[in-house]
Every structure is written in structure tokens, then in C-alpha cells.
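Everything in the sequence shown is counted per the working numbering, starting at 13 for the first residue and increasing by one.
See below for the structure under consideration.
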Amino acid sequence: MFDEITEKLLKSTTTLYMPKLEELAKVRASELAIIKDKVRTSPEEVEAWFDGEIRKVTNVDAKGLIEKIKKVYTSSYKATLIILSFYSLLSFS
13 MFDEITEKLL KSTTTLYMPK LEELAKVRAS ELAIIKDKVR TSPEEVEAWF DGEIRKVTNV
73 DAKGLIEKIK KVYTSSYKAT LIILSFYSLL SFS
């Protein structure tokens, strides 16, 4: 009984998702072929792109990012408190 239910679930899942998975696989294969061609035809451009990405990663200002997150979080928190206070005033009026 349990095996039959499991088998039916697997078949329906396969029927439902297989076309989408096949489409995603074709798209990804196409993307990889384009990347492969780019590496062959423009190695300098690819190398320059990687150099730029490496610079971005090594020059991350973690303290600055944390301060920005704190600022956004604090302002969001304050805004939420103001809105909740306003609603509570309206509901008690």
C-alpha cells in the first residue's frame, strides 16, 4: 500500500517537473557553451573580469557594511514602532 502511494507520488512529480528540469538543463548548457566560447576568443577580457572580481572581494569594507545594516535596521525598527503607536492610538480613540 505504502509502496503504491510512493510510486504514484514519484510518477506524478516526475511528470510535473521533468519538462522544467530538462528546459533548465538546456539553458544552462547553452550558457556554459557561451562562456566556453568567450574564454577561447577573449581570454584577456575574461582575465580582466576575474581580476576585477578578485579586487571587489578583497576590498570589502565589512565594518562599513555592518554600519549600513545597523542604520537601515534601526530606522526600520523606529518606523515600525511609530506606525504601531499610531495604529494603537487610532484603535483606542
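Yeah, the Cβ is synthetic: ideal placement off N, Cα and C, and Gly gets one too.
For residue 67 and residue 108, the rounded distance between their alpha carbons: With the chain covering 13 to 105 only, the question about residue 108 has no answer from this structure.
Helix, strand or coil: how does DSSP classify residue 72 here? On the sequence shown, residue 72 is found 60 positions in, with the first residue counted as 1. If DSSP states are grouped into helix, strand and coil, residue 72 belongs with coil.
Shorter than 8 angstroms from the beta carbon of residue 18 to some beta carbon of chain C? Considering every chain present, this structure includes no chain C. It has just one protein chain.
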